[in-house]
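**Student:**
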């Protein structure tokens with residue numbers, strides 16, 4: 001066994017270990033290193049990215065996770081904190097149309113445009129008179145979104161006093177209504193057409209939830225896709241991970257892959273009420289099976305929070321023990337298909353959604369008391385080859401996501417259950433989009449199921465996203481980003497505040513900086529972050 005203090009290029013700052021090389025871990029490490037800390041990042045897999053994985057096979061380049069680039073200003077803010085910008089790091093393309101929707105029982109799809117004006121006109125064509133109501137809905141969505149960015153997304157909730165501002169207090173009656181109404185009900189005040197109502201309710205899936213359990217506060221998401229527009233980074237989301245890893249390394253972060261953390265190490269001092277426990281580092285195992293002790297004053301776990309708390313800490317030091325998780329609701333699991341297809345598929349856009357007519361039954365199947373894999377299923381298809389060079393000439397690249405129960409016993413990509421669900425999804429896409437020979441044209445196929453999420457990223461219950469954004473699991477009710485039992489142990493990632501999704505994970509990295517600095521403000525940090533490197 002080897003024992004060492006972190007040995008980055010600098011030793012003037014506090015030694016800090018970051019567990020997990022997903023987007024939140026990489027961003028956290030980058031920000032802390034720029035602040036002057038001596039940072040090492042430990043990732044158990046050979047590949048960085050976490051849920052934003054990459055598969056390259058036979059000339060195809062498949063993103064294995066996130067595929068919607070929303071809230072572009074959050075990405076740009078992170079890069080500006082690091083002294084650069086999204087424009088310098090990424091090649092962003094706005095998609096127009098933003099996405100296509102096939103609805104069960106309707107022969108023609110709806111194409112959601114890149115601008116608010118076009119989408120208002122679309123709603124009016126489908127349901128005369130709904131355009132004006134959509135205008136008011138989007139006005140509200142924009143207002144709530146801007147207030148959320150200003151007061152709720154960039155706060156650690158360590159103190160509620162900074163939230164008691166005039167703009168927040170004035171909106172309290174409105175917030176009470178938004179938190180007391182579900183997203184589907186709010187959508188129903190705008191439109192009665194099932195297809196349009198589903199367009200307004202679908203953002204709940206981005207939050208790992210259902211429109212029937214997600215507070216209508218999250219109608220703010222419609223501002224993102226119907227007004228701000230949908231973007232795509234050329235090179236895919238693996239390029240986003242690569243860019244963040246690059247700025248982390250440039251800041252001095254030492255990244256170690258193939259490093260499985262087995263234990264967060266601590267020491268206790270004092271007795272009785274004066275007894276306190278402080279982090280001392282981690283114990284990790286390399287791919288050859290050798291154990292290492294890495295010492296540090298601060299440990300940031302950007303790994304799955306359930307795994308961190310229940311596997312890396314002893315029971316006496318757990319802020320969120322198993323009993324906490326037994327009361328929580330996971331986001332959905334998923335069947336993921338990476339498909340290489342011969343020939344072109346004009347029936348599909350870069351983003352295409354397939355919605356069943358009985359949505360409530362579909363969501364109940366995924367997250368109800370007796371969950372099962374729905375058939376037919378509401379599902380999602382990404383065709384990045386519409387925008388990017390990610391497939392051989394004359395071929396298409398498809399990523400198919402079928403939400404299913406978060407249940408590892410359903411198996412991984414090699415299980416009969418997951419393969420059969422994938423077969424049904426392919427048949428459904430074929431029928432609904434009018435591609436009768438789709439199955440015969442598939443030349444590459446890779447399946448992923450809930451058990452694979454457990455194996456690859458230690459995902460709680462095999463969820464593809466993390467804890468769902470129900471009322472009881474949002475904002476200050478979500479797991480905090482600091483251990484209450486171990487000084488110097490902090491958390492980042494989708495399991496903690498502010499929540500699910502790549503932009504939220506970037507913000508969670510910033511919240512680690514604020515937590516360690518004792519910053520209880522609600523605003524995003526000013527750019528650039530002061531350079532503490534000597």
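Numbering (UniProt numbering), first residue to last: 1 to 534. Backbone N, C-alpha and C define an ideal beta-carbon position, used for all residues, glycine too. All values reported here derive from a predicted model rather than from experimental measurement.
1) With three or more C-beta pairs closer than 8 Å as the rule, is the stretch 436 to 448 touching the stretch 482 to 498?
2) Classify residue 355 as helix, strand or coil using the three-state DSSP reduction.
3) Would you list, in sequence order, the uninterrupted alpha helix (DSSP H) runs of no fewer than 4 residues that lie entirely inside the stretch 169 to 249?
4) Pairs of beta-carbons, one from the stretch 61 to 76 and one from the stretch 469 to 488, closer than 8 Å: are there three or more?
5) Below 7 Å, is the gap between the Cβ of residue 455 and the nearest heavy atom of the ligand ZN?
6) Checking 8 Å against the spacing of the C-beta atoms, do residue 513 and residue 32 come in under that value?
7) Residue 425 and residue 402: beta carbons closer than 8 Å?
8) Between the Cα of residue 196 and the Cα atoms of 222, 209 and 524, which residue gives the shortest distance?
9) When you compare the stretch 384 to 397 with the stretch 96 to 106, are there three or more beta-carbon pairs, one atom per stretch, that lie closer than 8 Å?
10) As a quick exercise: from 250, 193 and 393, pick the residue whose alpha carbon is nearest that of residue 110.
11) According to DSSP, which residues form a beta bridge with residue 77?
12) Please report how far the alpha carbon of residue 113 lies from the alpha carbon of residue 119, in whole angstroms.
13) Can you look up residue 145 in the DSSP assignment and give me helix, strand or coil?
14) Check whether the Cβ atoms of residue 497 and residue 508 sit closer than 8 Å, and answer yes or no.
15) Does the Cβ of residue 105 have 16 or more other Cβ atoms within 10 Å, making it buried, or fewer, making it exposed?
16) Between which two residues does the beta strand (DSSP E) carrying residue 94 extend?
17) Among the candidates 151, 366, 150 and 187, whose CA atom is the shortest distance from the CA of residue 379?
18) For the pair the stretch 158 to 167 and the stretch 338 to 353, tell me if three or more CB-CB distances fall below 8 Å.
19) Could you please give the first and the last residue of the uninterrupted alpha helix (DSSP H) stretch that includes residue 25?
20) Would you kindly work out how many angstroms separate the C-alpha atoms of residue 90 and residue 457, rounded to a whole number?
21) How many Å lie between residue 356 and residue 107 at the Cα?
22) Expressed to the nearest angstrom, what Euclidean distance is found between the alpha-carbon atoms of residue 157 and residue 520?
23) Whose C-alpha, out of 53, 16, 83 and 61, is nearest the C-alpha of residue 531?
24) In the DSSP assignment, the beta strand (DSSP E) including residue 477 goes from what residue to what residue?
25) What are the start and end residues of each continuous alpha helix (DSSP H) run of 4 or more residues lying completely inside the stretch 293 to 357, in chain order?
26) Can you tell me which residues form a DSSP beta bridge with residue 291?
27) Could you please give the first and the last residue of the uninterrupted beta strand (DSSP E) stretch that includes residue 447?
28) Using 8 Å as the threshold, is the stretch 426 to 434 in touch with the stretch 458 to 468, meaning 3 or more CB pairs across them?
29) Assuming residue 267 is part of the beta strand (DSSP E), what are its boundary residues?
30) Can you tell me whether residue 144 is buried or exposed? The criterion is at least 16 other CB atoms within 10 Å of its CB, across all chains shown.
31) Taking the alpha carbon of residue 134 as the point to measure from, which residue in 147, 81, 190 and 176 has its own alpha carbon closest?
32) Can you check which of these residues, 175, 510 and 405, is closest to residue 369 by C-alpha distance?
33) Between residue 285 and the rest of its own chain, which residues show a CB-CB distance below 7 Å, the 5 nearest in sequence each way excluded?
34) Exposed or buried, what is residue 556 when buried is set at 16 or more other beta-carbons lying within 10 Å of its beta-carbon?
35) Applying the criterion that 16 or more other CB atoms from any shown protein chain within 10 Å of the CB defines a buried residue, is residue 477 buried or exposed?
36) Can you list, in chain order, the residues of its chain whose CB lies under 6 Å from that of residue 323, leaving out five sequence neighbours each side?
**Tutor:** Quick look at the numbers:
1) The stretch 482 to 498 is not in contact with the stretch 436 to 448.
2) Of the three classes helix, strand and coil, the one that applies to residue 355 here is strand, per DSSP.
3) Entirely contained in the stretch 169 to 249, the alpha helix (DSSP H) runs reaching 4 residues are, in chain order, 172 to 180, 183 to 188, 194 to 201 and 203 to 206.
4) Touching, no, given that fewer than three Cβ pairs across the two stretches are closer than 8 Å.
5) Ligands displayed in this structure: none; no statement on the ligand ZN is therefore possible.
6) Taking the C-beta atoms as reference points, residue 32 is found nearer than 8 Å to residue 513.
7) Cβ distance < 8 Å, so residue 425 and residue 402 count as in contact.
8) Nearest C-alpha to residue 196: 222.
9) Judged by Cβ distances under 8 Å, the stretch 384 to 397 makes no contact with the stretch 96 to 106, as fewer than three pairs qualify.
10) Considering only alpha carbons, the answer is 193.
11) Beta bridge pairing from DSSP links residue 77 with no other residue.
12) Distance from the CA of residue 113 to the CA of residue 119, rounded to the nearest whole angstrom, comes to 6 Å.
13) Helix at residue 145.
14) Yes.
15) By the 10 Å Cβ count, residue 105 comes out exposed.
16) First-last of the beta strand (DSSP E) with residue 94: 92 to 94.
17) Of the candidates 151, 366, 150 and 187, the residue whose Cα lies closest to the Cα of residue 379 is 366.
18) These segments do not touch.
19) From DSSP, the alpha helix (DSSP H) with residue 25 extends over 23 to 34.
20) Looking at the two C-alpha atoms, the distance is approximately 26 Å.
21) If you take the alpha carbons of residue 356 and residue 107, they lie about 13 Å apart.
22) In a straight line, the C-alpha of residue 157 is about 7 Å away from that of residue 520.
23) With distances taken between CA atoms, residue 531 lies nearest to 83 out of 53, 16, 83 and 61.
24) No beta strand (DSSP E) contains residue 477, which DSSP labels as neither H nor E.
25) 305 to 311 and 322 to 326, all fully within the stretch 293 to 357.
26) Partner residues in the beta bridge of residue 291, as assigned by DSSP, are 285.
27) 442 to 448 is the span of the beta strand (DSSP E), which, as asked, contains residue 447.
28) Taking one beta carbon from each stretch, the stretch 426 to 434 and the stretch 458 to 468 have fewer than 3 pairs nearer than 8 Å; the two do not touch.
29) Where residue 267 is concerned, the enclosing beta strand (DSSP E) stretches over 260 to 269.
30) Buried, because 16 or more other Cβ atoms sit within 10 Å of the Cβ of residue 144.
31) Of 147, 81, 190 and 176, the residue nearest in Cα terms is 190.
32) Per the Cα distances, 405.
33) Leaving aside the five residues that flank residue 285 on each side, the residues in its chain whose CB is nearer than 7 Å to its CB run, in chain order, 260, 262 and 291.
34) Nothing can be reported for residue 556, as the shown portion of the chain is limited to 1 through 534.
35) Exposed: under 16 other Cβ atoms inside 10 Å.
36) If we look at residue 323 and ignore the five residues flanking it on each side, it has no Cβ neighbours.
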